[in-house]
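Residue numbers (the numbering used here): 23 to 304.
Note that beta-carbon positions come from the ideal geometry of N, C-alpha and C, so glycine has one too.
One structure below.
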């Protein structure tokens, strides 16, 4: 079996080290016939060092969390476990109840990171207070947000406990670089780790002729190139893979070193933003 170099890590604000290449679970747990393959894919990913698993109560209406719970059974301590709460469940009492339901589906006593999935009508201060209660009670180790733009992060940081935010999970890939205008720098300034969902796009990016041409020059697949580009920036990428071959292909991205020539070619083909743009959301 081919050995891999260790996956690079990101240091969280509390000193925790997490791999920059993890496992996404969006749209898992929706079809019973795929259950065994999804569990096997997650277990292989863990064995290959992709020990950060991202899920949410929304995914498969809790089905993805159940899949993850089965995949991590007997090896919970190897995994950095992330889940997300619906905005309408992010209130003083409802966030506690939602977290407890997630913990039950995941068959664990704690989450390593709990995220607000996106902004809703419940005041941010109420959600932060609920998260802090969950943290003090040991049900979560740390908390963060998702789909937060610059104004959202600034509002969060103004709250008394807002500076405890550990991560911001956003849409970010070669074809969607809006966060580079200001959001990425703001998060890094305040030690908020960046996580990239849909790190290879949802299909359009991988059909790009430009990406294919650069990938051929680099002797990698287009998906591996897109992931390696994110990893190079110490952004946590969480691609979904529902079969073992796909997991192995994604894992190879962490072993790729991009040359300055390839990076320049990517910047020319997928230029960084030249002006402020709203954060894209899926």
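Nonlocal neighbours in the same chain, by C-beta distance under 8 angstroms from residue i, ignoring five residues either side
i	result
residue 179	185, 187 and 212
residue 302	193, 198 and 200
residue 160	131 and 132
residue 300	171 and 200
residue 195	218, 220, 221, 222, 223, 227, 248 and 252
residue 237	243, 244, 246 and 247
Chain-order list of residues whose beta-carbon lies under 6 angstroms from that of residue i (same chain, five-residue window excluded)
i	result
residue 93	61, 64 and 65
residue 86	47, 50, 51 and 77
residue 173	none
residue 29	41, 43, 71 and 276
residue 290	none
Candidates the options: closest to residue i by CA position
i	options	result
residue 75	300, 299 and 263	263
residue 170	133, 209, 197 and 273	209
residue 140	252, 79, 260 and 39	79
residue 219	100, 106, 96 and 29	106
residue 283	239, 129 and 110	239
residue 34	83, 164 and 55	164
residue 203	298, 144 and 47	298
residue 41	280, 58, 149 and 260	260
residue 162	32, 44 and 121	121
residue 44	205, 101, 36 and 158	101
residue 90	112, 71 and 67	67
residue 83	123, 58, 115 and 32	123
residue 113	183, 134, 145 and 136	145
residue 214	57, 56, 30 and 137	137
residue 279	176, 115 and 250	250
residue 36	135, 304 and 115	135
Euclidean distance between Cα positions of residue i and residue j
i	j	result
residue 108	residue 147	16 angstroms
residue 154	residue 241	47 angstroms
residue 275	residue 125	31 angstroms
residue 104	residue 27	24 angstroms
residue 216	residue 265	26 angstroms
residue 98	residue 73	10 angstroms
residue 95	residue 88	11 angstroms
residue 156	residue 110	17 angstroms
residue 54	residue 69	24 angstroms
residue 38	residue 158	18 angstroms
residue 304	residue 286	28 angstroms
residue 225	residue 281	25 angstroms
residue 116	residue 81	18 angstroms
Residue i CB to nearest heavy atom of the ligand NAP below 7 angstroms
i	result
residue 86	Although the ligand NAP was asked about, the structure shown includes no ligands whatsoever.
7 angstroms Cβ shell around residue i - same chain, five flanking residues per side excluded
i	result
residue 228	222, 244 and 245
residue 277	26 and 27
residue 142	109, 110 and 112
residue 57	89
residue 206	216
residue 183	150 and 154
residue 32	40, 42, 215, 256 and 258
residue 59	264 and 265
residue 177	146
residue 288	196, 236 and 251
Integer-rounded CB distance, given that residue j should sit under 8 angstroms from residue i
i	j	result
residue 181	residue 150	6 angstroms
residue 152	residue 175	Actually they are not in contact, since the Cβ atoms of residue 152 and residue 175 sit about 19 angstroms apart, beyond 8 angstroms.
Evaluate the contact criterion for the stretch 228-235 versus the stretch 188-195: three or more CB pairs, one atom per stretch, below 8 angstroms. no
Between the stretch 256-273 and the stretch 292-303, do at least 3 Cβ pairs fall closer than 8 angstroms? no
Mind the definition here: the stretch 158-173 touches the stretch 261-275 only if three or more C-beta pairs lie below 8 angstroms; say whether that holds. no
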